[in-house]
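In the working numbering, the protein residues as written are 43 to 251. Note that CB positions come from ideal geometry on N, CA and C, so glycine has one too. See structure below.
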């Protein structure tokens with residue numbers, strides 16, 4: 043059973059101004075006190091001075107950046123393959139949205155950044171993402187690369203010890219970052235918002251909003 047824990051994240055820049063963060067052991071859920079702008083279902087990050095990009099190896103060892111996906115709406119999510127609920131739910135919803143968009147689904151790119159590179163080996167990441175959508179890309183950096191990327195995105199992750207050394211789980215920010223086709227971060231989509239809210243924001247970005 044997942045237990046709730048409240049963790050103070052300290053100063054989080056733009057996200058810190060939006061509200062307090064509540065995390066779940068194993069996976070978490072972010073709640074913000076401020077209402078999102080009317081144009082998006084999620085939190086409007088237009089003009090944010092963070093989450094500006096990444097440079098990490100994918101499941102095939104190729105270094106990827108946002109520039110690789112220019113022209114598409116990019117949905118970036120941080121998680122791990124042994125996550126029991128938040129991660130598979132988020133990826134399943136994104137796959138559902140891509141399918142529901144029909145031809146416009148090709149204009150959407152899912153990017154999964156593992157916060158557990160110790161266990162999430164490239165072959166495991168590939169099999170995991172293929173089970174949701176073969177077009178999704180997994181990124182797996184070194185511990186230092188992950189630390190720097192998490193700092194850029196202002197996300198949280200931490201190992202939670204289990205009964206054995208290999209049975210640990212991970213606390214992590216549970217939300218997706220949406221980038222427009224020009225590679226600019228635009229929306230922070232909170233876990234639990236649902237597929238319809240995600241699709242609404244993706245449609246808006248495809249339409250050029």
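Apart from the five residues just before and just after residue i, which ones in its own chain have a Cβ nearer than 7 angstroms to its Cβ?
i	result
residue 243	82, 83, 84, 220, 229, 231
residue 171	154, 178, 180
Identify whether residue i lies in helix, strand or coil by the three-state DSSP scheme.
i	result
residue 108	helix
residue 152	strand
residue 100	strand
residue 2	Since the first and last residues shown for the chain are 43 and 251, residue 2 lies out of range.
So, at 6 angstroms on beta carbons, what are the nonlocal neighbours of residue i in its own chain, with the 5 sequence-adjacent residues on each side left out?
i	result
residue 80	Below a pLDDT of 50, predicted positions are generally treated as unreliable, and residue 80, at 47, falls in that range; the measurement from the model is reported next regardless. Hits under 6 angstroms: none found.
residue 204	210
residue 168	101
residue 151	111, 114, 116
residue 156	122, 162, 182
Near residue i, which residues of its chain fall below 8 angstroms by C-beta distance, leaving aside the five closest residues on each side in sequence?
i	result
residue 146	245, 248
Could you give the first and the last residue of the continuous beta strand (DSSP E) run that contains residue i?
i	result
residue 172	Here residue 172 belongs to no beta strand (DSSP E); instead the alpha helix (DSSP H) covers 164-172.
residue 180	179-181
residue 119	115-121
residue 205	Counting along the chain, residue 205 falls outside any beta strand (DSSP E), and DSSP gives it neither H nor E.
Would you decide whether residue i is buried or exposed? Buried here means 16 or more other CB atoms lie within 10 Å of its CB.
i	result
residue 41	Residue 41 lies beyond the stretch modelled for the chain, which goes from 43 to 251, so this question has no answer here.
residue 240	buried
residue 162	buried
residue 159	buried
residue 128	buried
residue 215	buried
residue 200	exposed
The alpha helix (DSSP H) with residue i in it runs from where to where?
i	result
residue 240	237-248
residue 185	185-195
residue 133	128-142
When the Cβ atoms of the region 85-102 are set against those of the region 162-182, are three or more pairs found closer than 8 angstroms?
Here the region 85-102 makes contact with the region 162-182; the two share three or more CB pairs at distances below 8 angstroms.
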